[in-house]
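Okay, structure first, notes after.
There are 2 protein chains.
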Amino acid sequence: MTETSTKKRAYRGESLSKRQTDRRRHLLNTSLELIGEQGYARATVRAVCNAASLTERYFYESFQNREELLAALYREQTDALQWQMIAASEQAGQTPEQLVHAALSAFFTTMRDKPHTARLILFEILGVSEAMNQLYYEAMEGFADLSRKLAQSVGTEKIETPADDGMVYAGLIGAVVQIGRRWVLNDYQQSIESVIASAFMLYQATAHYDQC
Amino acid sequence: MTETSTKKRAYRGESLSKRQTDRRRHLLNTSLELIGEQGYARATVRAVCNAASLTERYFYESFQNREELLAALYREQTDALQWQMIAASEQAGQTPEQLVHAALSAFFTTMRDKPHTARLILFEILGVSEAMNQLYYEAMEGFADLSRKLAQSVGTEKIETPADDGMVYAGLIGAVVQIGRRWVLNDYQQSIESVIASAFMLYQATAHYDQC
DNA sequence: TTATTTTGACAACATATCATGTCAAAAATC
DNA sequence: GATTTTTGACATGATATGTTGTCAAAATAA
């Protein structure tokens, strides 16, 4: 039998699966930096591999194609951001106001401290493909659901308006994201406090709308 | 002298400048359809020219490159949309509520009746390049300024909040746009009335915020 | 009719991309 | 030390793109 036996062997003290996940991790980190710095369009397979000091073979070991990398990265970063917002709100207090404010604060802090993540999430996803648009939609729904849960955490009775709750919270997330985009495109000129306050004000206004 | 005399001559009864602007117009129309149908990434120079039944030479007669076409198209469509919103509000009434509602109604009507324009404006601009991001920013500022003028048309006294007016209205436009994106990605499932009502509610809530 | 402008079809060139393949050197196993 | 796996550097192929150039046919003017 001349079959290649394909025995898995440790290399430099690491198992195969460890090496593979390390390389995958490294590709994700490097491509986030590259996309954050130059945009997805310029983050070609070669460019990512060069930046990661890995060869194309290892790219295709971890990802079927370039878009799969982008999708994985986007999912990872939006998930992480959501968890940070949840964690921040959990340490914040009890009232919906406190919860929402803490979550918004976490959001904009990440946008400021991780500009690469910000660019990926805020700019580089839309319009790439139908599949990525769908991913964007799902992520936005996730953020909308989260903020809705926080805002309605005390069980406010349903408001009687022709407005649809899902749409309103989608809109509020759209507002947050747009404020973020504007902040980034303005090179973070405004203070983070005023950015947070403006976004928070929209949530406050919406929550208090029925009480008028 | 063997110089090419380059005399301008009418052709098929049309002057040179007429023919040129016709071709430019045709390229713009065709590429809007192509981008709206397939996305900017697939609207290559060749694809646009084929669809327009014109050759590359005429593409470069009107545009320096592919991105210049996109920019021209985006500017044109956002401008037209703004004017429609202004026209609608002018015919609507006097109160800020009526003005804003009419403008929002015009916005979502266009998103529904011109899906190609919708896709261009809502999805295909962000992340293309630094220059296009800047164009997006400017257009969004334009819409924000417009909606702010309409909403504050009776001269409401300035609200005392830590929120920044520019940011708040940028956020509101972000909300409108995000509701539009969601509507499109949902294949326009929700009724236009409920879409308008949800966006309008955010404006109402913001306007009434101080009165609580 | 003859000369010139305009047009459209398409060739051509330089690049760039994704994706796969080759192969010798390094590292691990026997 | 000999064998096998793993690695990295690079070649390759197929395809696509932006952009410029060629040239004959159609339309106009003289």
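Chains as they are written, first to last, in the working numbering: chain D, 13 to 224; chain Y, 13 to 224.
Note that the Cβ used here is the ideal one computed from N, Cα and C, for glycine as well.
The structure presented is a predicted model; accordingly, all values stated were derived computationally and were not measured.
Asked: The alpha helix (DSSP H) enclosing Ile-133(D), as first and last residue numbers; Found: 127-134
Asked: Amino acids of chain Y, ordered along the chain, whose beta-carbon sits closer than 7 Å to that of Ala-211(D); Found: Gly-183
Asked: Leu-138(D) at chain Y interface by Cβ criterion, 8 Å; Found: yes
Asked: For Tyr-23(Y), three-class secondary structure by DSSP; Found: strand
Asked: Start-to-end residues for the alpha helix (DSSP H) that takes in Phe-212(Y); Found: 204-219
Asked: Ser-29(D), buried or exposed, once every other Cβ within 10 Å from all chains shown has been counted against 16; Found: exposed
Asked: Proximity test, Cβ basis, 8 Å: Val-207(D) and chain Y; Found: yes
Asked: Partners in chain D for Gly-51(Y), counting only beta-carbon separations shorter than 7 Å; Found: Gly-139
Asked: Beta-carbon proximity of Phe-155(Y) to Ile-204(Y), cut-off 8 Å; Found: no
Asked: Members of the segment 124-154 of chain Y that neighbour chain D once the beta carbon cut-off is set at 9 Å; Found: Arg-131, Leu-134, Phe-135, Glu-136, Ile-137, Leu-138, Gly-139, Val-140, Ser-141, Glu-142, Asn-145, Gln-146, Tyr-148, Tyr-149, Met-152 and Glu-153
Asked: Closest Cα partner of Leu-82(Y) within the set Phe-212(Y), Ala-63(Y), Ala-130(Y) and Ile-137(Y); Found: Ile-137(Y)
Asked: Same chain, Cβ closer than 8 Å to Ser-27(Y), five either side skipped, listed in chain order; Found: Lys-20
Asked: Test: Ile-191(D) CB closer than 8 Å to a CB of chain Y; Found: yes
Asked: Nearest-angstrom Cα separation, counted from Ala-211(D) out to Tyr-99(Y); Found: This sequence places Ala at residue 99(Y); Tyr is not what is there. Each residue's alpha carbon lies about 30 Å from the other.
Asked: Length of the line joining the Cα atoms of Thr-67(Y) and Gln-89(Y); Found: 24 Å
Asked: Proximity below 8 Å, CB of Ile-191(D) to CB of Val-180(D); Found: no
Asked: Cα-Cα separation, Tyr-215(Y) to Ser-101(Y); Found: 15 Å
Asked: Listed by chain order, chain Y residues near Asp-176(D) by CB distance under 9 Å; Found: Gln-202, Ser-206, Val-207, Ala-209 and Ser-210
Asked: For Ser-74(Y) and Arg-35(Y), believed in contact at Cβ under 8 Å, the rounded distance; Found: 6 Å
Asked: Selected residue, minimal CA-CA separation from Glu-142(D), among Glu-49(Y), Tyr-23(Y) and Gln-32(Y); Found: Glu-49(Y)
Asked: Short CB-CB distance (under 8 Å) between Thr-218(D) and chain Y; Found: yes
Asked: Any chain D beta carbon closer than 8 Å to Thr-14(Y); Found: Confidence is the limiting factor: at Thr-14(Y) the pLDDT is only 29, short of 50, which leaves the residue's position unreliable, though a coordinate-based value still follows. It does not; no Cβ of chain D falls within 8 Å.
Asked: For Leu-158(D) and Glu-45(D), the rounded distance between their alpha carbons; Found: 27 Å
Asked: Closest residue to Ala-219(Y) among Val-166(Y), Thr-33(Y) and Asn-198(Y) (Cα-Cα distance); Found: Val-166(Y)
Asked: Straight-line gap, Gly-105(D) to Leu-111(D) (C-alpha atoms, nearest Å); Found: 6 Å
Asked: Per-residue burial, Ala-209(Y) [other beta carbons within 10 Å of its own, 16 or more giving buried]; Found: buried
Asked: Extent of the continuous alpha helix (DSSP H) run through Val-196(D); Found: 177-197
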